[in-house]
Amino acid sequence: MPRDAESDIRSLVEPDRVHRRAYSDPDIFEREIAQIFEKTWIYAGHETQVPNPGDYWQFQIGRQPLVMVRGNGDEIHVLYNRCPHRGVQVCGSRHGNGGDALTCPYHAWRFHYDGSLESVPLEAGYRDTRFAANKGDFGMKRVARVQRYRGFVFASLDPRGPDLVEWLGEARVAFDDICDRSPVGRVEVVPNCFRVIQRSNWKFFMENQLDAVHPSVTHMSTGYAAAEVERKLKRETGSQPLHYHYLSAFTTPFEKWDQLETAGYPYGHTTLGGYMGLRPSDPDTLAHEKILAQAYGEQRKEEILGRNIHHVLIYPSISVQSPLQQLRAIRPISHNRTLSEIWHFRLVGAPEAIYRRSLWYYNLVNSPATMINADDLENWQRGQFGLSSDGGDWVSFHRDYGRDTDANGELHSTNGCSELPMRAQFRAWVNYLTATE
Ligand code: FES
Ligand SMILES: [Fe+2]
7 MPRDAESDIR SLVEPDRVHR RAYSDPDIFE REIAQIFEKT WIYAGHETQV
57 PNPGDYWQFQ IGRQPLVMVR GNGDEIHVLY NRCPHRGVQV CGSRHGNGGD
107 ALTCPYHAWR FHYDGSLESV PLEAGYRDTR FAANKGDFGM KRVARVQRYR
157 GFVFASLDPR GPDLVEWLGE ARVAFDDICD RSPVGRVEVV PNCFRVIQRS
207 NWKFFMENQL DAVHPSVTHM STGYAAAEVE RKLKRETGSQ PLHYHYLSAF
257 TTPFEKWDQL ETAGYPYGHT TLGGYMGLRP SDPDTLAHEK ILAQAYGEQR
307 KEEILGRNIH HVLIYPSISV QSPLQQLRAI RPISHNRTLS EIWHFRLVGA
357 PEAIYRRSLW YYNLVNSPAT MINADDLENW QRGQFGLSSD GGDWVSFHRD
407 YGRDTDANGE LHSTNGCSEL PMRAQFRAWV NYLTATE
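FYI, in the numbering used here the residues of the sequence shown are 7 to 443.
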């Protein structure tokens, strides 16, 4: 990166505040695509999205149209969805099965699931051409690296840099926590996902996930209405459905949020402790606990259920709520448009009632139909308008600044309402954008 570009990036981020251009400048966005999204590990999808040979699922990293394809065995390939003949996208549906081979719809060049060329029509026409001499080069290009952690598939367009496990670091707990809640240690995706276009910069979403101040403000109206219905049901029937609590929990006062712990890690990943009492003692939970105790033993079961996590954010592409088997992935489109994918999972071998709980959360809190998600989207859109205006240059991340502990590149705070997660993300942002290789 040229020296002046590097100093420009550095000038945008101070330890406790960030210049609005980080959100509103299309040139900065293009640098983010090149230096972050097209360089680091980005979530591709879950292996159960492509269970059978030839199954594929399209997605995007940065500007690159890609396709995740199941091979003939356990292997999963990630290919550029581009035909080496004349460039047409080979896989046309968002997801499907390629049959015997992935076949381009334009002139029927065919490819093995690993992208290598299987055949072309009228092959005699290529005799004595450079195509014939270099046939091995005429496959669909593979991305530089594909790695999986507990069934979650990541791809990197850059051959350099740390392996996935090293890069995930402590944030691995997102996937350990989600999978360990299954007695066989596995989850299955429940297709399809919701897709929402956010009219805001991708960083609004990432910052919001660990913003423990906003729920009691932004979601207060929903929280109080749900709490009222919850009380009424309790009065009338003696009990209330557990899922009402997913909404009434938004009445949790600031003081309680502030008792949670937050942490930030070197590659920008951040975590927030749990707040909702996600270990109730209703019969369904107890039945699930019994299954886990049989599978893992009492002590290990306690270790698994004793983790206290609300959110793990794996920078820059996903947010995971492991106790409720939720995952949201973002695919930035422009400085003020972001595609989000909203997924949820089933714990293999766990009671159906536990899955229903995850589905309730998915629909009540994360889906585009809920008032929770809608209120968040409204805030981010208003934020994008504000940061595109001349009303001021800086975004404030001062809350609890100076009280984070910083050891070995890890930031920790015992204040759940600290703006540590935002500061940690921007620390990583500068590192990514100013990296020289
Ligand atoms: S563009 Fe794919 S076969 Fe011609
Ligand atoms: Fe929210």
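Ideal placement from N, C-alpha and C gives every residue a C-beta, glycine not left out.
Please list, in chain order, all residues of the same chain as residue i whose beta carbon is under 7 Å from its beta carbon, the five residues on each side excluded.
i	result
Gln-387	Arg-205, Ser-206
Trp-264	According to the sequence displayed, residue 264 carries Asp and not Trp. If we look at Asp-264 and ignore the five residues flanking it on each side, its Cβ neighbours are Asn-421, Gly-422, Cys-423.
Thr-440	Met-7, Glu-12, Ile-15, Arg-16
In whole angstroms, what is the alpha-carbon distance linking residue i and residue j?
i	j	result
Lys-262	Met-226	15 Å
Phe-200	Leu-365	13 Å
Arg-337	Ser-222	28 Å
Val-84	Leu-298	34 Å
Glu-358	Arg-405	42 Å
Val-354	Ile-310	16 Å
Tyr-252	Val-219	17 Å
Tyr-230	Gln-331	25 Å
Glu-295	Trp-47	34 Å
Thr-291	Arg-285	7 Å
Ile-378	Glu-124	49 Å
Lys-238	Thr-228	15 Å
Pro-32	Ile-39	11 Å
Gln-70	Trp-208	17 Å
Gly-415	Leu-278	17 Å
Ser-30	Gly-392	10 Å
Asp-186	Arg-192	7 Å
Val-94	Trp-63	17 Å
Asn-78	Gly-121	12 Å
Under 8 Å from any heavy atom of ligand 4, does the C-beta of residue i make it?
i	result
His-113	This structure lacks ligand 4; its bound ligands are ligand 1 and ligand 2.
Grab me the residues of residue i's own chain with a C-beta within less than 6 Å of its C-beta, minus the 5 sequence neighbours each way, in chain order.
i	result
Asp-410	Leu-417, Ser-419, Leu-426
Val-24	Val-401, Phe-432
Asp-22	Phe-403, His-404, Tyr-407
Asn-103	Gly-60, Asp-61
For residue i, write down the residues that DSSP places opposite it in a beta bridge.
i	result
Leu-440	The sequence as given places Thr at residue 440; Leu does not occur at that position. Thr-440 is not bridged to any residue.
Ile-378	BP columns for Ile-378 are empty, so no partner.
Asp-412	Leu-417
Ala-161	Ile-48, Val-152
Pro-338	Thr-344
Phe-256	According to DSSP, which records beta bridges pairwise, Phe-256 is partnered with nothing at all.
Tyr-62	Val-75, Gly-102
Trp-400	His-25
Phe-117	Leu-108, Leu-123
His-275	In DSSP, His-275 forms no bridge with anything.
Glu-20	Arg-23
If you follow the alpha helix (DSSP H) that residue i is part of, which residue opens it and which one closes it?
i	result
Asp-290	289-302
Met-226	226-243
Val-94	Note, Val-94: premise wrong, no alpha helix (DSSP H); not H, not E.
Ala-138	136-139
Ile-34	32-38
I think residue i touches residue j, with their Cβ atoms under 8 Å apart; what is that distance to the nearest whole Å?
i	j	result
Ile-15	Ala-161	Actually they do not touch by this definition, with Cβ atoms about 25 Å apart.
Leu-216	His-350	The Cβ separation is near 20 Å, so there is no contact.
Leu-108	Arg-116	7 Å
Val-149	Val-159	That pair is no contact at about 11 Å.
Give a yes or no on whether 9 Å exceeds the smallest Cβ distance from residue i to chain D.
i	result
Asp-106	Going by chain labels, chain D is absent from the structure shown, which holds only one protein chain.
By the DSSP assignment, the beta strand (DSSP E) with residue i in it spans what residues?
i	result
Asn-103	101-103
Arg-154	151-155
Phe-351	343-353
Ser-424	From DSSP, Ser-424 is part of no beta strand (DSSP E); its letter is neither H nor E.
Leu-248	Looking at the DSSP string, Leu-248 is not in any beta strand (DSSP E), and its letter there is neither H nor E.
Arg-205	No beta strand (DSSP E) holds Arg-205; DSSP gives it neither H nor E.
Ser-188	Where Ser-188 is concerned, there is no enclosing beta strand (DSSP E), given that its DSSP letter is neither H nor E.
Ser-364	Counting along the chain, Ser-364 falls outside any beta strand (DSSP E), though it belongs to the alpha helix (DSSP H) covering 358-367.
Glu-194	193-195
By Cβ distance, which residues of its chain are closer than 8 Å to residue i, with the 5 residues on each side in sequence left out?
i	result
Arg-92	Tyr-112, His-113
Tyr-132	Val-126, Ala-138
Gly-105	Gly-60
Tyr-321	Met-212, Tyr-273, Gly-274, His-275, Thr-276, Gln-431, Ala-434
Asn-58	Arg-76, Asn-103
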